[in-house]
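Numbering (our numbering), first residue to last: 4 to 246. The C-beta atom is built at its ideal place from N, Cα and C for all residues, glycine as well. To start, the structure under review is shown below, and the notes come after it.
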């Protein structure tokens, strides 16, 4: 009996061990929850301070080295005014260069102007200074107020009879660009092209242009300046005295 009991106990123990082993096997064989693969820790990119492009110096005009040269003067208009051939009051060609070596007073004149009595002063000035080398040249023009309407022969007669004019007189011309009288004569274009106070356009009849012995215009005198004006006479004397 006792042997049977021992046998039973042994069998029971074996059965228990088998049961425990099976359970363990079942546990080991049971699907295990998937362990997520270790995800590498996300690294936030290192924030670097924003790199600004190097400041480019503002583009400036290339600086040129300072020079000690004196700035060049603006180009001047050639002041030589005797390089023209014009017709005299009798219609003869006159090369104005024949007056080179003299002091020349060029005047635009008119017979019916409030300034016409200046003929008398011009004639007196001419008579006083002609032997010293002064010559007065009269250029009749109808540009201002239509005050020189006559023909060359009429102008000559008027000047000779009324004012005893003996200084050279020339054929009537236009002394400024004018629709009625036409374009300015080349001589007066040259005078007009000169800067003040050397030249410029005549404002009215009896504007005066003073020319030195070399043929260069040197000063303009307004129409209201009478031939007896002290400044005009002093300038004439200075030019006459120049070598």
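- For residue 94, the closest alpha carbon among the candidates 192, 218 and 173 is that of 173.
- Residue 84 and residue 126 have their C-alpha atoms roughly 23 Å apart.
- Shortest Cα-Cα distance from residue 195 to any of 156, 104 and 111 involves 111.
- Burial of residue 107 is indicated by the presence of at least 16 other C-beta atoms within 10 angstroms of its C-beta.
- Closest in C-alpha terms to residue 115, from the list 98, 135 and 153, comes 153.
- Per DSSP, residue 166 lies in no beta strand (DSSP E) segment; the continuous alpha helix (DSSP H) that holds it begins and ends at 155-166.
- Around residue 124, the same chain offers 229, 230 and 231 as residues with beta carbons nearer than 6 Å, after the five sequence neighbours per side are excluded.
- Under the DSSP assignment, residue 234 falls in the alpha helix (DSSP H) whose first and last residues are 233-244.
- In this model, residue 224 and residue 189 are separated by some 20 Å (Cα to Cα).
- Cβ contact annotation for residue 90 (same chain, cutoff 8 Å, sequence separation greater than five): 96, 97, 173 and 174, in chain order.
- Look at residue 195 here: in three-state DSSP terms it is helix.
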